[in-house]
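Report on the structure given below.
There are 2 protein chains.
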Amino acid sequence: MSTTFSSFIPPKRILMGPGPSDVYPQVLQALARPTIGHLDPQFVALMDEVKSLLQYAFQTKNELTMPISAPGSAGMEAVFVNLVEPGDKVIVCQNGVFGGRMQQNVERCGGVAITVEDEWGKQTSLSKLQEALEANPDAKAVAFVHAETSTGVLNDAEALCKLAKEYNCLTIVDAVTSLGGSELKVDEWQIDAIYSGTQKCLSCVPGLSPVSFSPLAIEAIKARKTPVQSWFLDMDLVMGYWGKGAKRAYHHTAPVNSLYALHESLLILKNEGLQESWKRHQTNHLSLKSGLEKLGLELAVDEQYRLPQLNSVRIPEHIDDAEVRAKLLNDYNLEIGAGLGGLAGKVWRIGLMGCASNQKNVDYCVNALNDVLK
Amino acid sequence: MSTTFSSFIPPKRILMGPGPSDVYPQVLQALARPTIGHLDPQFVALMDEVKSLLQYAFQTKNELTMPISAPGSAGMEAVFVNLVEPGDKVIVCQNGVFGGRMQQNVERCGGVAITVEDEWGKQTSLSKLQEALEANPDAKAVAFVHAETSTGVLNDAEALCKLAKEYNCLTIVDAVTSLGGSELKVDEWQIDAIYSGTQKCLSCVPGLSPVSFSPLAIEAIKARKTPVQSWFLDMDLVMGYWGKGAKRAYHHTAPVNSLYALHESLLILKNEGLQESWKRHQTNHLSLKSGLEKLGLELAVDEQYRLPQLNSVRIPEHIDDAEVRAKLLNDYNLEIGAGLGGLAGKVWRIGLMGCASNQKNVDYCVNALNDVLK
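Heads up: the protein sequence lines correspond to chains F and A, in order. Sequential numbering of the first sequence, starting at 201, is according to the working numbering. Sequential numbering of the second sequence, starting at 201, is according to the working numbering.
Listed below in structure tokens is the structure:
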């Protein structure tokens, strides 16, 4: 290797894209504390606190609540490989990228995915789900995305779960972008399996995926006739390490420093309070909306189901999408997101997640857009 | 939740167990730098450097060389789920915990594992492997662990690969504990798929798993008749993000800060030089050996195939294993490892990995043991 490399000093960006979001300075500090062993009694005590703080964030009493040692996509996979056996039917609601990914997960487990499709940018339709449930009385589970990061749509998790439960289905929820930013009540809404990410409204570094499984989900896992196809994500094995009691069996080496960071970010959420955090995300969203409207920009998603933490903004005609984003990044150190799939070139995705959801960022973003769009 | 938690301040340990090892202070500094987007052009440039530095560490020109965004166990799984299809026969050499885990991986992919078993603490026998290869001319691959962290044995990777190649098998190598600490030459030794971890001789934080696949391994992946069962670990999808070219497709959100850390640790390795690092691990191992012998302690593994970075030490009779380790941890902030499986209670595992492999640590450990064993 002839090239000479040197230490990487990243630029100081303001992260207002679809994630990662800006990380709390205290979280970065926690991240850099000295590594200790993954079986050290002090680390085991930290793990218990992380579990307890996650139970608060998810609003659940589920014992099986912990972070998977990998990003949200692995959390998604953890849920599906544990709950879906070959031949199992899962109804998957799709109104964006991540519903599609759920379908692929079901199919890679040998399951059969029945899709309920709605237009990208619209909410999942309850009546369409009901039709699918009527047509598939043997469906084992209903899966949907709570906050579709690809479009900026909030699905009605409470109503979708209630409907699924009327048909005795397990409920599987993607809460990657909702956790901490939008109202979410795992126990009250009867969610059986849920996964999230650390790099969105928790304002922690990317790389971990908090998950939670209800007692009913655990029953379904215990009733499996085939082994879980993933060794790394087999919850039965994972719980040997994350479970209760002093005796923790080695499964894999936990990402110790990332867990310091997650602990710190969950502590910040707990100290602010969930209700306050949801309210703050909504307030700053309304402020952004008002600022964008003054520039003549429109939000792409209907008001009733707009996400506060991920704002899809219509790109005005004759505006070069990539050029605007490049200017914001290079001249303003401001990252906003591009549209995905059918929305590429049609929308920008402006995130207001976690600690990035504040009035200063709203002003900075609106002013920068004002300059660049002149 | 009634309990009040506060920020977690870990104790300052000296990590001389089986990993994680002590992390370079510069690596912790790099880890805590501000997060940027996973599609930021500057981050994409960093990814290219990480790939190039990993090629150096692995001594390979393999294009498909990158870190999996999860710990070593996921790296292991990435290798098996991509290379093993239902019905494929894989010869798995077992002389410790991790060979057993390889077998489970093969079986969870629907493959057939043919095991070559040697006693824990002994090397994998070439003649036994040859017998297995003769008896299974349809074997697709041979898999083994280079450095068995559970016992402290170095398997002869070069000879095992050479033999496997005589029978046209793909070679799969676990290099979790060897990378950076023991001689390892992926291209020269004809290794087709290899995975490692960041928390051993690289002295980086735990949570990532560097992998590399040869052109022959890629051919085997391309020739698959069935989809890879894991979406998260499907190398074809992963490479859409890590591959060459300006256009990186979103797959999952990379663990941005952990990659800063890996970059820094690989840079340190590159600056020291691989040969120098291997030599340093050997020198400090010999020094530890000599110190332990002065205390009347013996290494458990035969000299010809002892690992320098993981020293299995026989626990003297009438000594309480757990009590000694607890004293070392609590009174000396020194972590050493327990024995696993059949070696539990019989050996301690003293790691000298990465930046923890230095004379000061050797002296500290020998003196602490001297005090505690008095």
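No residue lacks a Cβ here, since even glycine has one placed at the ideal position from N, Cα and C.
Residues bridged to residue i by DSSP?
{"i": "Asp374/F", "result": "Val345/F, Tyr395/F"}
{"i": "Phe413/A", "result": "Leu264/A, Ala393/A"}
{"i": "Ile421/F", "result": "Paired residue(s): none; Ile421/F is not in a bridge."}
{"i": "Leu215/F", "result": "Glu535/F"}
Under 9 Å between C-beta atoms, does residue i make it to chain F?
{"i": "Met266/A", "result": "no"}
{"i": "Asp174/A", "result": "The requested residue 174/A is not part of the displayed model; chain A covers only 201 to 574."}
{"i": "Gly219/A", "result": "yes"}
{"i": "Ala335/A", "result": "no"}
{"i": "Thr351/A", "result": "no"}
{"i": "Leu379/A", "result": "no"}
{"i": "Lys212/A", "result": "yes"}
{"i": "Arg150/A", "result": "Outside the displayed span of chain A (201 to 574) sits residue 150/A, for which this structure offers no information."}
{"i": "Tyr460/A", "result": "yes"}
{"i": "Ile582/A", "result": "Since the first and last residues shown for chain A are 201 and 574, residue 582/A lies out of range."}
{"i": "Gln226/A", "result": "yes"}
{"i": "Arg308/A", "result": "yes"}
{"i": "His346/A", "result": "no"}
Would residue i count as contacting chain A if we go by Cβ distances under 9 Å?
{"i": "Asp222/F", "result": "yes"}
{"i": "Met276/F", "result": "yes"}
{"i": "Gln304/F", "result": "yes"}
{"i": "Lys546/F", "result": "no"}
{"i": "Cys565/F", "result": "no"}
{"i": "Ile421/F", "result": "no"}
{"i": "Arg448/F", "result": "no"}
{"i": "Gly407/F", "result": "yes"}
{"i": "Ala230/F", "result": "yes"}
{"i": "Ser557/F", "result": "no"}
{"i": "Gly311/F", "result": "no"}
{"i": "Asp531/F", "result": "no"}
{"i": "Thr453/F", "result": "yes"}
{"i": "Thr483/F", "result": "no"}
{"i": "Leu507/F", "result": "no"}
{"i": "Gly397/F", "result": "yes"}
{"i": "Gln242/F", "result": "yes"}
{"i": "Phe413/F", "result": "no"}
{"i": "Asn282/F", "result": "no"}
{"i": "Ile394/F", "result": "no"}
Alpha helix (DSSP H) containing residue i: first to last residue?
{"i": "Ser477/F", "result": "474-494"}
{"i": "Trp442/F", "result": "435-442"}
{"i": "Phe208/A", "result": "Note, Phe208/A: premise wrong, no alpha helix (DSSP H); not H, not E."}
{"i": "Ile554/F", "result": "For clarity, residue 554/F is Gly in the given sequence; the question names Ile instead. Here Gly554/F belongs to no alpha helix (DSSP H), and DSSP marks it neither H nor E."}
{"i": "Gly275/A", "result": "272-283"}
State the CB to CB distance for the pair residue i and residue j, rounded to an integer number of angstroms; the pair is presumed to be in contact (CB under 8 Å).
{"i": "Lys340/F", "j": "Leu370/F", "result": "6 Å"}
{"i": "Lys400/F", "j": "Ser221/F", "result": "6 Å"}
{"i": "Ile536/A", "j": "Gly217/A", "result": "5 Å"}
{"i": "Ala343/F", "j": "Cys293/F", "result": "7 Å"}
{"i": "Val345/A", "j": "Gly299/A", "result": "5 Å"}
{"i": "Leu228/F", "j": "Ala232/A", "result": "5 Å"}
{"i": "Val316/F", "j": "Asn457/A", "result": "Contact doesn't hold; Cβ gap of about 37 Å is too wide."}
{"i": "Ala544/F", "j": "Arg525/F", "result": "About 12 Å separates the two Cβ atoms, so there is no contact after all."}
Quick one: what does DSSP say residue i is sitting in, helix, strand or coil?
{"i": "Ser458/F", "result": "helix"}
{"i": "Asn295/F", "result": "coil"}
{"i": "Leu402/A", "result": "coil"}
{"i": "Asn336/F", "result": "coil"}
{"i": "Ala568/A", "result": "helix"}
{"i": "Met201/A", "result": "In this prediction, Met201/A has a pLDDT of 49, which is less than 50 and means its spatial position is unreliable; what the coordinates show is noted afterwards. Note: Met201/A maps to coil in three-state DSSP."}
{"i": "Glu498/A", "result": "coil"}
{"i": "Arg525/A", "result": "helix"}
{"i": "Val250/F", "result": "helix"}
{"i": "Lys289/F", "result": "strand"}
{"i": "Leu363/F", "result": "helix"}
{"i": "Leu326/A", "result": "helix"}
{"i": "Leu354/A", "result": "strand"}
{"i": "Arg448/A", "result": "coil"}
Start and end of the beta strand (DSSP E) containing residue i?
{"i": "Arg549/A", "result": "547-551"}
{"i": "Val513/F", "result": "510-514"}
{"i": "Val316/A", "result": "312-317"}
{"i": "Gly537/A", "result": "534-538"}
{"i": "Leu231/A", "result": "First-last for Leu231/A: 225-231, but that is the alpha helix (DSSP H), not the beta strand (DSSP E)."}
Any C-beta of chain C sitting closer than 9 Å to the C-beta of residue i?
{"i": "Ala270/F", "result": "Reference to chain C is not applicable here, since the protein chains of this structure are F and A."}
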